[in-house]
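Participant:
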Ligand code: HEM
Ligand SMILES: [Cu+2]
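Residue numbers (UniProt numbering), protein chains in the order written: chain V, 1 to 667; chain C, 1 to 132.
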C-alpha cells in the first residue's frame, strides 16, 4: 500500500533533524493559525496564490528564494561548527552519513531553490516593467512554473524528516549515486525534486525569452532594451538550451535506479564518466544562468547611482552574447583530472580562460560608468562595488584553476570551494541583494531602512572575505573538500577563522532580517510617494510604487536607449508633464488556480515515486492532467478594467509627478 | 492579450504554430499536419523494422538510424513547428541556428572527450585481462 514507506523512515534516533523539523512545524502551524484566525485566506488565495500577475509571481519567487537561502545557511552553521569540532581525537557531533546529507542538501538548496528562484523572481518582476509591457507572454504558465519550483523545494525539505537526502554532493556523481552504492531514497528525493523544479525553470525560461523577443513597448528595439533585459535574455536562452541536458541526464540516472538500466553503472557497458560529462555540459552554463542576470542588475545599479548612462552599452550586449555561446565550450574544466589527456585538456583550458575576457570587458565598462559620474553610495551601490572587487578575485582564481597542471593540484580542494563561493556569493548573492534593495521600493511602495541595510552589507562582506580567504589558504595547504573528520592539525587555525567569518555572516543575515522588520514598521516614514526613489533611468520608474496591475495606462513610446530618463528630462525642460493620454479600457488575464493545483498533484507524484507508491503516483498524474484539461477548456480568459478606472489610477500618478516637477531638481 | 499583439515590436514575425500568418506556406492546415504525421510515423516504423530485415548491411545500421533520426527532426521542424525560410521567420531561424549550434557543440564535444578517455584509460575488462 505505501511502497517502501514505513515508520523507520522517520529518524527517531537523530535529535538534530527531529528538533529542527519540530521547530519548523511549530512556526509553520503558528503562521497558518494566525492567517486563519485573522481571516487572511481569501486575500492570500485571490491576490497571491492564484495570481498570474508577473509582479506578484516575481515577489513570491523572491520570497521562496530568501527562505531557502536562510534554510541553506542553517546547513552552513552545522557544517562549520561540526568541522571546527572534528579535529584529531574529537569526532564532532555529526556522524558521516548525516554530514554527507548536509553538504549535499546545502549545495542543492542554495543553487536550485535559493539562488535560482531569487534571480528568476527578479527577472519576472522587472523585465516586463522595463520593456514597457503589461505582463509576460504566458501569465498562467508563469504561475505554474513558480508553483512547480515551490513543489521541488518542498520535497527537498520533506526529506529532512521522512527518509533521508542524497549523500552524494550537489551533483550526484555516478556510480556513487547508483543503487549499488546509494540504496536509500536520498538520491530519489534529489532526482524527483529537481525534475519537478526543472520543468518549472524550463517553462519560465521559454516564457521570458518569448516576452523579451515578442512583447516590447512601441519603439523599444533590441538595442534600446535596458541592460538587465539583455542579460535576462542571455540567461533564459541558456536555460532553454541547457536545462534539457539536465533533465535527460537525471532521467537516465532515474532509469538506472528504477528500471535496472546501465547508462552510468560500472557493469554491463555503462559508463559513469558519461555522467560527469553530461552533468557539466549543463552545469557550466548553469553558473552563467545565475550570474548573467546579476551582471544586469549591477549594470542598472552602476548607471543609476553614478547618474550616467551605462558606459559601452553595445560592447556590454556583445560581451553578454559572447558569454552565452562560449559558456557551452568549457565544461570539461570540471573534470580535467578524469584523464582525457593533453589535447582535450589544453583546448578546454584555453577556452575557459577566454570566457574571462567577456567578464573583463564588463568590469571595465562598470568602472568607466562610475568615472566622472556623481556617485551616490546607497546600499545597492555598496553591494555593486563590493561585487566588482570580489568578482575580479574569483575570476582570477578561476583562470588559475583553468590551467590543467595547476588544477591537478587544486581540484576538489578547499581552494576550489573558495573559488566557486567567491564567484557565486560575490556575483549571484551580492547581485540578488543589490536587486532586492534597489527594486524593493518599486514592489512595495516604501524604501528599506538604510542603516540596517548598511550594517548587513558590512557584516556579510567582511564575513565572506574572512571565510573564503581562509578556505583559499587551507586549500593551498592541501585540505580537500567535504571532510567529515580532519586529522591534520595544521589546518585548525584556518578552520577556526572560517568559523569566525561564518558568525559575521550570520550577523549579516540577522541584520538583513531586522532591516525588513524595521522598514515594515516605519513604512509610513519610508513611503516612496514619487515612484522614482533613486532617480532612475528605465521604464519601471515611470510607474507608481507599487505599480497597478496593468503597469502602464498606455504603453510608453520609446525614443532612445534610456526611455524613462528622456521622458523625465523633457518634462523638466518644458516644466510640464507629457499630455494627458486618451485612456482606453485594458484587458488583463484572469487569475487561475491552475498553477497551485498542478503543483499540488505533482508534489504527490514526486513523493509517491520516491517511495514506490505506484497508485498514488498514477492518481497524482491524472490529477495534474485533469487540471490542465480544465484550464484548456476555460472560456473566460480576461477581464476588463474600464477606462475611467485607468484614468483615476493614472491621475494619482500624474499628481505625484507634478509635485516632483514643481520641486525642481530630480528627486 | 490582444493589446500586445497590436503593439509588439516585430510585426513581421510569427511564433511557431501561429496560423494564418504564414498563409503562403506550401502545406498548411489539417492537410499539412496529416502529411507530417504520416511521414513521421513512417520514419519511426522504419527505424524499428529495417534493422531486422537484413536489407541494410549490418555495420551500416547505426549510420542508417542516424540518417532516419535527422530526417525525423526535419519533418518535425517543417510540418509541426513551421520553420520555413520565408522572410517572416527571422526569429525562428535564429532560434533554430542557436539550437543547432549548441547541440553540435555538446554532441561533438562529448564524442571527442569520451573518445579520448577511451584511448587513455583501461576499462574494467582490460584491467581483468591484464591481471590474469
Ligand atoms: C571568470 C571565469 C571563470 C573561470 C575561469 C572559472 C574556472 C573554473 C574551474 C577551472 C573550475 C573547476 C575547478 C576544479 O574542479 O578543480 C571551476 C569550478 C566552479 N566554478 Fe568557476 N570559473 C569562472 C567563473 C565562475 C562563475 C561566474 C561561477 C558561478 C557563478 C562559477 C562557479 C563554479 C562552480 C560552482 C564550480 C565548482 C562546482 C563543484 O565542483 O562542485 N565559476 N571554475
Ligand atoms: Cu565551469
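We put the CB at the ideal spot given by N, CA and C, even for glycine.
Please read all numbers here as calculations on a predicted model, not as lab measurements.
Is the CB of residue 402 (chain V) under 8 angstroms away from at least one CB in chain C?
Facilitator: Not one chain C Cβ lies under 8 angstroms of residue 402 (chain V).
Participant: Could you list which residues in chain C have their beta carbon closer than 7 angstroms to that of residue 341 (chain V), in chain order?
Facilitator: Result: 116, 120.
Participant: In whole angstroms, what separates the C-alpha of residue 116 (chain V) from that of residue 58 (chain C)?
Facilitator: So the two alpha carbons sit approximately 48 angstroms from each other.
Participant: Need the endpoints of the beta strand (DSSP E) that residue 589 (chain V) sits in, please.
Facilitator: Segment 586-589, the beta strand (DSSP E) holding residue 589 (chain V).
Participant: Quick one: which unbroken alpha helix (DSSP H) runs of 4-plus residues sit fully inside the segment 599-660 of chain V? Chain order, please.
Facilitator: Counting only runs of 4 or more, we get 614-632.
Participant: Where does residue 264 (chain V) fall in DSSP's three states?
Facilitator: In this structure, residue 264 (chain V) counts as coil in the three-state DSSP scheme.
Participant: Classify residue 307 (chain V) as helix, strand or coil using the three-state DSSP reduction.
Facilitator: Here residue 307 (chain V) sits in coil by DSSP.
Participant: Whole-angstrom Cβ separation of residue 450 (chain V) and residue 378 (chain V), contact assumed at under 8 angstroms?
Facilitator: Yes, residue 450 (chain V) and residue 378 (chain V) are in contact; Cβ-Cβ is about 7 angstroms, under 8 angstroms.
Participant: Counting C-beta neighbours from all protein chains within 10 Å, is the total for residue 71 (chain V) 16 or more, i.e. buried, or is it exposed?
Facilitator: Residue 71 (chain V) should be labelled buried.
Participant: Roughly how many angstroms lie between the CA atoms of residue 293 (chain V) and residue 432 (chain V), to the nearest whole one?
Facilitator: Each residue's alpha carbon lies about 9 angstroms from the other.
Participant: Is residue 386 (chain V) near residue 430 (chain V), with beta carbons less than 8 angstroms apart?
Facilitator: A contact, by the Cβ cut-off of 8 angstroms.
Participant: With 8 angstroms as the limit, tell me which residues of the segment 87-104 of chain C have their beta carbon closer than that to any beta carbon of chain V; keep them in chain order.
Facilitator: Taking 8 angstroms as the Cβ-Cβ cut-off against chain V, the residues of the segment 87-104 of chain C that qualify are 91, 98, 99, 101, 102.
Participant: Is the closest heavy atom of ligand 2 to the C-beta of residue 106 (chain V) under 7 angstroms?
Facilitator: Flag unset: Cβ of residue 106 (chain V) not near ligand 2.
Participant: Starting from the beta carbon of residue 110 (chain C), find every residue of chain V whose beta carbon is closer than 9 angstroms, and list them in chain order.
Facilitator: Within chain V, the residues near residue 110 (chain C) are 274, 277, 278, 281.
Participant: Please list, in chain order, the chain V residues whose beta carbon lies closer than 7 angstroms to that of residue 113 (chain C).
Facilitator: Going along chain V in sequence order, the residues near residue 113 (chain C) (Cβ under 7 angstroms) are 277, 332, 340, 344.
Participant: Buried or exposed for residue 562 (chain V), going by 16 or more other Cβ atoms inside 10 Å?
Facilitator: With 16 or more Cβ atoms within 10 Å of its Cβ, residue 562 (chain V) is classed as buried.
Participant: Hey, does residue 128 (chain C) have any beta-carbon neighbour from chain V nearer than 8 angstroms?
Facilitator: Closer than 8 angstroms: no.
Participant: Comparing the C-beta of residue 133 (chain C) with each C-beta of chain V, is any distance below 8 angstroms?
Facilitator: No answer is possible for residue 133 (chain C): the residues shown for chain C start at 1 and end at 132.
Participant: With a threshold of 8 angstroms between beta carbons, is residue 241 (chain V) in contact with chain C?
Facilitator: For residue 241 (chain V), the answer is yes, since a Cβ of chain C falls inside 8 angstroms of its Cβ.
Participant: According to DSSP, simplified to helix, strand and coil, what is residue 545 (chain V)?
Facilitator: Residue 545 (chain V) falls in the coil class under three-state DSSP.
Participant: Roughly how many angstroms separate the alpha carbons of residue 150 (chain V) and residue 290 (chain V), rounded to a whole number?
Facilitator: Roughly 18 angstroms between the two C-alpha positions.
Participant: Compute the beta-carbon to beta-carbon distance between residue 508 (chain V) and residue 456 (chain V), rounded to the nearest angstrom, for a pair I have assumed lies under 8 angstroms.
Facilitator: About 5 angstroms separates the two Cβ atoms, so the contact holds.
Participant: Between the C-alpha atoms of residue 217 (chain V) and residue 566 (chain V), what's the straight-line distance to the nearest angstrom?
Facilitator: For residue 217 (chain V) and residue 566 (chain V), the distance between alpha carbons rounds to 15 angstroms.
Participant: Between residue 320 (chain V) and chain C, is there a C-beta pair that is closer than 8 angstroms?
Facilitator: By this cut-off, residue 320 (chain V) is not an interface position.
Participant: Counting contacts by CB-CB distance shorter than 8 angstroms, is residue 329 (chain V) in contact with chain C?
Facilitator: At least one chain C Cβ lies under 8 angstroms of residue 329 (chain V).
Participant: Just curious, the alpha helix (DSSP H) that residue 119 (chain C) is in, first and last residue?
Facilitator: Per DSSP, residue 119 (chain C) belongs to the alpha helix (DSSP H) from 90-120.
Participant: To the nearest angstrom, how far is the alpha carbon of residue 474 (chain V) from that of residue 73 (chain C)?
Facilitator: Rounded to the nearest angstrom, the two C-alpha atoms are 51 angstroms apart.
Participant: Reducing DSSP to helix, strand and coil, say where residue 481 (chain V) ends up.
Facilitator: DSSP places residue 481 (chain V) in coil when its eight states are reduced to three.
Participant: Between which two residues does the alpha helix (DSSP H) holding residue 38 (chain C) run?
Facilitator: That run of the alpha helix (DSSP H) goes 29-53.
Participant: For residue 216 (chain V), does the three-state DSSP call read helix, strand or coil?
Facilitator: Three-state DSSP puts residue 216 (chain V) in coil, outside helix and strand.
Participant: Identify every run of the alpha helix (DSSP H) within the segment 438-478 of chain V, keeping only runs that are complete inside it and at least 4 residues long; order them along the chain.
Facilitator: The segment 438-478 of chain V contains these whole alpha helix (DSSP H) runs: 450-476.
Participant: Since residue 606 (chain V) and residue 193 (chain V) are thought to touch, with beta carbons under 8 angstroms apart, how far apart are those beta carbons, to the nearest angstrom?
Facilitator: About 7 angstroms; that satisfies the 8 angstroms criterion.
Participant: In the DSSP assignment, what are the bridge partners of residue 486 (chain V)?
Facilitator: According to DSSP, residue 486 (chain V) bridges with V:87.
Participant: Straight-line CA distance for residue 654 (chain V) to residue 576 (chain V)?
Facilitator: Rounded to whole angstroms, residue 654 (chain V) to residue 576 (chain V) spans 11 angstroms at the Cα level.
Participant: For residue 662 (chain V), which option in V:32, V:629, V:574 has the closest C-alpha, if you only look at C-alpha atoms?
Facilitator: Nearest of V:32, V:629, V:574 to residue 662 (chain V), Cα basis: V:574.
Participant: Tell whether a beta-carbon distance below 8 angstroms holds between residue 336 (chain V) and residue 272 (chain V).
Facilitator: Cβ atoms of residue 336 (chain V) and residue 272 (chain V): not closer than 8 angstroms.
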